[in-house]
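Notes follow the structure.
In C-alpha coordinates form, the structure reads like this:
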(Lines of atoms letter the chains of each structure in order from A; the text may use other names.)
(Lines give C-alpha, C1' and ligand atoms only; values in the text may rest on other atoms or scores of the structure.)
Protein backbone atom coordinates (compact mmCIF):
# COMPACT_ATOMS: atom_id res chain seq x y z
CA UNK A 1 0.00 0.00 0.00
CA UNK A 2 1.49 3.40 -0.97
CA UNK A 3 2.45 5.80 1.79
CA UNK A 4 0.08 8.76 2.20
CA UNK A 5 1.05 12.17 0.92
CA UNK A 6 2.66 14.51 3.43
CA UNK A 7 2.52 18.30 3.29
CA UNK A 8 4.33 20.89 5.35
CA UNK A 9 2.80 24.17 6.48
CA UNK A 10 4.50 27.08 8.20
CA UNK A 11 2.35 28.83 10.82
CA UNK A 12 3.05 31.66 13.24
CA UNK A 13 4.28 30.10 16.48
CA UNK A 14 4.83 31.66 19.88
CA UNK A 15 8.50 32.36 19.12
CA UNK A 16 8.72 32.23 15.34
CA UNK A 17 7.95 29.90 12.47
CA UNK A 18 6.07 26.72 13.40
CA UNK A 19 6.47 23.85 10.92
CA UNK A 20 3.41 21.58 10.84
CA UNK A 21 3.33 18.27 8.99
CA UNK A 22 0.00 17.19 7.52
CA UNK A 23 -0.94 13.77 6.20
CA UNK A 24 -4.13 14.89 4.44
CA UNK A 25 -7.32 12.86 4.15
CA UNK A 26 -10.15 13.98 1.87
CA UNK A 27 -12.96 12.65 4.07
CA UNK A 28 -11.57 11.90 7.54
CA UNK A 29 -13.49 10.22 10.33
CA UNK A 30 -11.34 12.08 12.84
CA UNK A 31 -8.42 14.47 13.19
CA UNK A 32 -5.33 13.25 15.05
CA UNK A 33 -2.71 15.62 16.44
CA UNK A 34 0.72 14.16 17.19
CA UNK A 35 3.05 15.76 19.76
CA UNK A 36 6.61 14.44 19.37
CA UNK A 37 9.30 13.93 21.97
CA UNK A 38 12.45 15.73 23.08
CA UNK A 39 15.24 16.21 20.55
CA UNK A 40 13.36 14.67 17.62
CA UNK A 41 10.80 15.92 15.10
CA UNK A 42 7.38 15.12 13.67
CA UNK A 43 8.77 13.49 10.54
CA UNK A 44 9.76 10.45 12.62
CA UNK A 45 6.03 9.69 13.02
CA UNK A 46 5.37 8.92 9.36
CA UNK A 47 4.73 5.26 10.21
CA UNK A 48 2.18 6.13 12.87
CA UNK A 49 0.59 8.68 10.55
CA UNK A 50 0.26 6.08 7.78
CA UNK A 51 -1.55 3.69 10.14
CA UNK A 52 -3.89 6.42 11.36
CA UNK A 53 -4.47 7.65 7.81
CA UNK A 54 -5.46 4.15 6.63
CA UNK A 55 -7.83 4.08 9.61
CA UNK A 56 -9.56 7.22 8.42
CA UNK A 57 -7.69 10.09 10.09
CA UNK A 58 -6.28 13.36 8.88
CA UNK A 59 -3.03 13.68 10.83
CA UNK A 60 -1.27 16.90 11.86
CA UNK A 61 2.02 17.10 13.74
CA UNK A 62 4.02 20.24 14.55
CA UNK A 63 7.76 20.35 15.05
CA UNK A 64 7.93 21.85 18.53
CA UNK A 65 9.82 25.05 19.29
CA UNK A 66 13.56 24.45 18.89
CA UNK A 67 12.99 21.15 17.09
CA UNK A 68 12.89 19.93 13.50
CA UNK A 69 12.18 22.69 11.01
CA UNK A 70 10.56 25.06 13.51
CA UNK A 71 12.22 28.24 14.78
CA UNK A 72 14.30 28.55 17.90
CA UNK A 73 17.66 27.55 19.33
CA UNK A 74 17.93 23.76 19.18
CA UNK A 75 16.19 21.97 22.09
CA UNK A 76 15.84 25.21 24.03
CA UNK A 77 12.39 25.47 25.65
CA UNK A 78 12.15 28.02 28.42
CA UNK A 79 8.38 27.75 28.95
CA UNK A 80 6.33 24.74 27.90
CA UNK A 81 3.20 26.88 27.91
CA UNK A 82 4.57 28.38 24.67
CA UNK A 83 4.72 24.90 23.17
CA UNK A 84 1.20 24.11 24.35
CA UNK A 85 0.12 27.33 22.63
CA UNK A 86 1.84 26.24 19.41
CA UNK A 87 0.03 22.91 19.59
CA UNK A 88 -3.22 24.84 19.97
CA UNK A 89 -2.33 26.82 16.83
CA UNK A 90 -1.83 23.55 14.94
CA UNK A 91 -5.10 22.17 16.33
CA UNK A 92 -7.10 25.20 15.22
CA UNK A 93 -5.50 24.99 11.77
CA UNK A 94 -6.52 21.32 11.53
CA UNK A 95 -10.08 21.79 12.78
CA UNK A 96 -10.62 24.72 10.43
CA UNK A 97 -9.92 22.30 7.58
CA UNK A 98 -12.16 19.57 9.06
CA UNK A 99 -14.91 21.21 11.14
CA UNK A 100 -17.02 18.92 13.26
CA UNK A 101 -14.59 15.97 13.21
CA UNK A 102 -13.56 14.56 16.61
CA UNK A 103 -10.01 15.47 17.61
CA UNK A 104 -7.58 12.99 19.20
CA UNK A 105 -4.26 14.07 20.72
CA UNK A 106 -1.32 11.63 20.76
CA UNK A 107 1.73 12.66 22.81
CA UNK A 108 5.01 10.77 23.12
CA UNK A 109 7.58 11.30 25.90
CA UNK A 110 8.12 15.09 26.22
CA UNK A 111 5.19 15.34 23.84
CA UNK A 112 3.16 13.45 26.42
CA UNK A 113 3.88 16.16 28.98
CA UNK A 114 2.83 18.79 26.43
CA UNK A 115 -0.28 16.77 25.57
CA UNK A 116 -1.21 16.35 29.23
CA UNK A 117 -0.99 20.09 29.79
CA UNK A 118 -2.93 20.72 26.58
CA UNK A 119 -5.68 18.39 27.81
CA UNK A 120 -5.85 20.28 31.10
CA UNK A 121 -6.27 23.56 29.22
CA UNK A 122 -8.32 22.48 26.18
CA UNK A 123 -9.67 19.03 27.03
CA UNK A 124 -13.24 20.00 26.21
CA UNK A 125 -12.19 20.15 22.55
CA UNK A 126 -10.73 16.62 22.55
CA UNK A 127 -12.41 13.27 21.96
CA UNK A 128 -9.49 11.26 23.39
CA UNK A 129 -5.95 11.55 24.73
CA UNK A 130 -3.19 9.01 23.98
CA UNK A 131 0.05 9.08 25.99
CA UNK A 132 3.08 7.04 24.87
CA UNK A 133 5.97 6.75 27.33
CA UNK A 134 4.91 10.12 28.75
CA UNK A 135 7.15 12.39 30.81
CA UNK A 136 4.68 12.89 33.64
CA UNK A 137 4.50 12.19 37.35
CA UNK A 138 7.66 11.02 39.08
CA UNK A 139 10.32 11.60 36.42
CA UNK A 140 13.57 11.88 38.37
CA UNK A 141 15.95 13.07 35.64
CA UNK A 142 15.41 16.87 35.96
CA UNK A 143 16.16 16.83 39.67
CA UNK A 144 19.34 14.80 39.16
CA UNK A 145 20.59 17.07 36.38
CA UNK A 146 19.76 20.34 38.15
CA UNK A 147 21.72 19.21 41.20
CA UNK A 148 24.90 19.21 39.10
CA UNK A 149 27.09 22.27 38.65
CA UNK A 150 27.26 21.50 34.94
CA UNK A 151 24.86 19.31 32.95
CA UNK A 152 26.90 16.71 31.04
CA UNK A 153 26.87 16.83 27.25
CA UNK A 154 25.42 13.34 27.00
CA UNK A 155 23.04 12.54 24.13
CA UNK A 156 20.17 10.08 24.23
CA UNK A 157 21.41 6.57 23.50
CA UNK A 158 19.76 5.38 20.27
CA UNK A 159 19.57 1.86 21.68
CA UNK A 160 17.25 3.05 24.45
CA UNK A 161 14.51 3.75 21.93
CA UNK A 162 13.67 0.32 20.54
CA UNK A 163 14.82 -3.28 20.28
CA UNK A 164 14.79 -2.81 16.50
CA UNK A 165 18.40 -1.94 15.48
CA UNK A 166 17.14 -0.18 12.34
CA UNK A 167 15.38 2.39 14.53
CA UNK A 168 18.60 3.18 16.39
CA UNK A 169 20.56 3.46 13.13
CA UNK A 170 18.02 5.80 11.53
CA UNK A 171 17.89 7.97 14.67
CA UNK A 172 21.68 8.24 14.85
CA UNK A 173 21.87 9.28 11.18
CA UNK A 174 18.97 11.77 11.26
CA UNK A 175 20.26 15.35 10.82
CA UNK A 176 17.07 16.82 12.30
CA UNK A 177 17.56 14.92 15.57
CA UNK A 178 19.51 16.66 18.35
CA UNK A 179 22.56 14.58 19.18
CA UNK A 180 23.85 16.59 22.14
CA UNK A 181 23.06 17.05 25.82
CA UNK A 182 20.19 18.80 27.53
CA UNK A 183 20.25 22.56 28.19
CA UNK A 184 19.69 23.83 31.72
CA UNK A 185 16.76 26.18 30.88
CA UNK A 186 14.96 23.28 29.21
CA UNK A 187 15.55 21.00 32.20
CA UNK A 188 14.26 23.75 34.49
CA UNK A 189 11.17 24.10 32.29
CA UNK A 190 10.60 20.33 32.48
CA UNK A 191 10.69 20.50 36.28
CA UNK A 192 8.24 23.41 36.43
CA UNK A 193 5.82 21.82 33.97
CA UNK A 194 5.86 18.46 35.74
CA UNK A 195 4.77 20.37 38.84
CA UNK A 196 2.19 22.39 36.90
CA UNK A 197 0.59 19.25 35.47
CA UNK A 198 0.66 17.54 38.87
CA UNK A 199 -1.24 20.49 40.36
CA UNK A 200 -3.46 21.04 37.30
CA UNK A 201 -6.14 18.49 38.08
CA UNK A 202 -7.50 15.57 36.11
CA UNK A 203 -9.06 15.59 32.65
CA UNK A 204 -12.50 14.51 33.78
CA UNK A 205 -14.41 12.22 31.45
CA UNK A 206 -11.87 12.46 28.62
CA UNK A 207 -10.89 8.90 27.58
CA UNK A 208 -7.16 8.29 28.05
CA UNK A 209 -5.01 5.52 26.53
CA UNK A 210 -1.60 5.00 28.15
CA UNK A 211 1.01 3.02 26.19
CA UNK A 212 4.38 2.21 27.79
CA UNK A 213 7.33 -0.09 27.28
CA UNK A 214 7.93 -2.20 30.37
CA UNK A 215 11.71 -1.87 29.86
CA UNK A 216 11.73 1.86 29.05
CA UNK A 217 15.11 3.15 30.33
CA UNK A 218 14.47 6.83 29.57
CA UNK A 219 11.07 7.35 31.19
CA UNK A 220 10.65 4.50 33.69
CA UNK A 221 7.16 3.11 33.91
CA UNK A 222 6.55 3.49 37.69
CA UNK A 223 7.03 7.26 37.66
CA UNK A 224 4.73 7.69 34.67
CA UNK A 225 2.07 5.58 36.34
CA UNK A 226 1.83 8.09 39.18
CA UNK A 227 1.25 10.96 36.76
CA UNK A 228 -1.10 9.17 34.39
CA UNK A 229 -3.26 7.89 37.23
CA UNK A 230 -3.60 11.41 38.65
CA UNK A 231 -4.30 12.95 35.25
CA UNK A 232 -6.97 10.46 34.25
CA UNK A 233 -10.44 11.19 35.45
CA UNK A 234 -11.24 7.48 35.55
CA UNK A 235 -11.56 6.54 31.87
CA UNK A 236 -8.04 5.08 31.61
CA UNK A 237 -7.01 2.25 29.31
CA UNK A 238 -3.51 0.91 29.98
CA UNK A 239 -1.23 -1.14 27.72
CA UNK A 240 2.22 -2.10 29.00
CA UNK A 241 4.42 -4.07 26.57
CA UNK A 242 6.87 -6.58 28.10
CA UNK A 243 10.45 -6.00 26.99
CA UNK A 244 9.62 -2.88 24.99
CA UNK A 245 11.78 0.21 25.35
CA UNK A 246 10.91 3.91 25.03
CA UNK A 247 9.36 4.29 21.57
CA UNK A 248 6.54 1.78 21.38
CA UNK A 249 5.43 3.12 17.97
CA UNK A 250 8.88 2.08 16.66
CA UNK A 251 9.21 -1.16 18.62
CA UNK A 252 9.46 -4.70 17.25
CA UNK A 253 5.84 -5.26 18.31
CA UNK A 254 4.60 -2.02 16.71
CA UNK A 255 1.78 -3.84 14.89
CA UNK A 256 0.36 -4.86 18.28
CA UNK A 257 0.69 -1.28 19.51
CA UNK A 258 -1.04 0.11 16.42
CA UNK A 259 -3.88 -2.41 16.79
CA UNK A 260 -4.36 -1.38 20.42
CA UNK A 261 -4.40 2.29 19.38
CA UNK A 262 -6.88 1.97 16.54
CA UNK A 263 -9.10 -0.34 18.59
CA UNK A 264 -9.18 2.23 21.37
CA UNK A 265 -10.06 5.02 18.95
CA UNK A 266 -12.89 2.99 17.44
CA UNK A 267 -14.26 2.41 20.93
CA UNK A 268 -14.23 6.02 22.11
CA UNK A 269 -15.02 8.09 19.01
CA UNK A 270 -17.43 6.56 16.57
CA UNK A 271 -17.36 9.27 13.89
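Numbering (full-length UniProt numbering), first residue to last: 1 to 271.
Where is the CB? At the ideal position from N, CA and C, for every residue including glycine.
Predicted model only: the values in this text are computed from it and were never measured.
Item, Value
"As assigned by DSSP and simplified to three states, the class of residue 109", "coil"
"Straight-line gap, residue 83 to residue 7 (C-alpha atoms, nearest Å)", "21 Å"
"Endpoints, the alpha helix (DSSP H) within which residue 79 is located", "Segment: none, residue 79 is in no alpha helix (DSSP H) and carries neither H nor E."
"Cβ neighbour criterion (16 or more within 10 Å) applied to residue 10", "exposed"
"Residue 135 (DSSP reduced to helix, strand or coil)", "coil"
"Residue 173 burial status per 10 Å Cβ neighbour count (16 or more: buried)", "exposed"
"Start and end residues, alpha helix (DSSP H) containing residue 184", "184-199"
"At least three beta-carbon pairs within less than 8 Å, the segment 124-140 to the segment 90-110", "yes"
"Which residues DSSP lists as bridging residue 16, in chain order", "13"
"CA nearest to the CA of residue 17, picked from 56, 68 and 36", "68"
"Where residue 21 sits in the DSSP three-state scheme", "strand"
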